[in-house]
Amino acid sequence: MLRHGLIPLDVGGEGDCFFRSVSHQLYGNSNSHLTIRSLGVRYLKDNPERFIESIVGMSWSRYLTNMSLQGTWANHIIIQAVADAMNLKIHIIESDSNYREITLVQPANATSDIRSIYIGHMGQMHYVSTCNSFEQDSNHRNANDIQQTISNDSVQNEFSEIVTDKDTGIITNNSNQKRKRDRAAYMRQYRKLNNSPEK
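Residues in the sequence shown are numbered consecutively from -14, following this note's numbering.
Next comes the structure, spelled out in structure tokens:
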């Protein structure tokens, strides 16, 4: 991501990370994630001929019902529907080097007021928002302050095992579960110290 002048910003997850990331890119917070999900699902319902044959292993109505539920992970179908419904050019930056670095999802019938957003896809499991890398130095200083304020020794020891790749800005760890847990704790503390609305 750093090559593109961006750094990842985790805005929450629990199955809604794609929708939260889009909300953060558009509105500066992740609070509108349910509205964004609803707009995508409504677009699918109104345009089944574009998407219905892409569904394998379940009925169209079951797919729509599942995708309507908070906590259901986004897939390529709903991502395209959100791009179409909201007239968005969605740049998805992959952290996994085995995949294309950037995937561009464009609305099928773009209008002149198209908006571009940039979100990250970390380890093929989690979408994150992004912010400009010029903020990286201040974020790095804040990260050091955060680690010093964490009083729980076990959490602090786990943080010391996190490694950030200097070229990509991707946080890695030997255990995916441990990485996710550590990152969530870190982001909670970061948001608390920086008075972020994303607590």
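Backbone N, C-alpha and C define an ideal beta-carbon position, used for all residues, glycine too.
Apart from the five residues just before and just after F3, which ones in its own chain have a Cβ nearer than 7 Å to its Cβ?
A59, I64, Y112
Could you say which of G105, S46, S53 lies nearest to I87 if we only look at CA atoms?
Proximity to I87 across G105, S46, S53 peaks at G105, based on C-alpha coordinates.
Which same chain residues end up closer than 6 Å to I62 when comparing Cβ atoms and leaving out the 5 residues on each side of it in sequence?
Apart from sequence neighbours up to five positions away, the residues of its chain that approach I62 with a beta-carbon distance below 6 Å are F36, S39, ordered along the chain.
Leaving out the 5 sequence neighbours to the left and right, which residues in its chain are closer than 6 Å to V81 when beta-carbon positions are compared?
Strictly speaking, residue 81 in this sequence is Asp, with Val absent from that position. The beta carbon of D81 sits closer than 6 Å to the beta carbons of Q109 from its chain, once the five residues preceding and following it are set aside; these are given in chain order.
Can you check whether the CB of V7 is closer than 7 Å to the CB of I(-8)?
Taking 7 Å as the Cβ cut-off, I(-8) and V7 do not qualify as a contacting pair.
Please name the residue, chosen from A68, Y12, R100, G(-2), that lies closest to V90 on a Cα-to-Cα basis.
A68
From S44, A70, H18, pick the residue whose C-alpha is nearest to that of G0; which is it?
It is H18.
Thinking C-beta only, is V(-4) closer than 7 Å to R5?
yes
So, under 8 Å CB-CB, I102 and P92 are touching, yes? Tell me the CB distance rounded to an integer number of Å.
No, I102 and P92 are not in contact; Cβ-Cβ is about 12 Å, not under 8 Å.
Using the C-alpha atoms, what's the distance from D31 back to H9?
26 Å
How many Å lie between K74 and S97 at the Cα?
12 Å
Taking the straight line between their C-alpha atoms, what separation do you get for E79 and M107?
6 Å
In this structure, how does DSSP classify I63 when only helix, strand and coil are distinguished?
helix
In three-state DSSP terms, what is E(-1)?
E(-1) carries a coil assignment under DSSP once its states are collapsed to helix, strand and coil.
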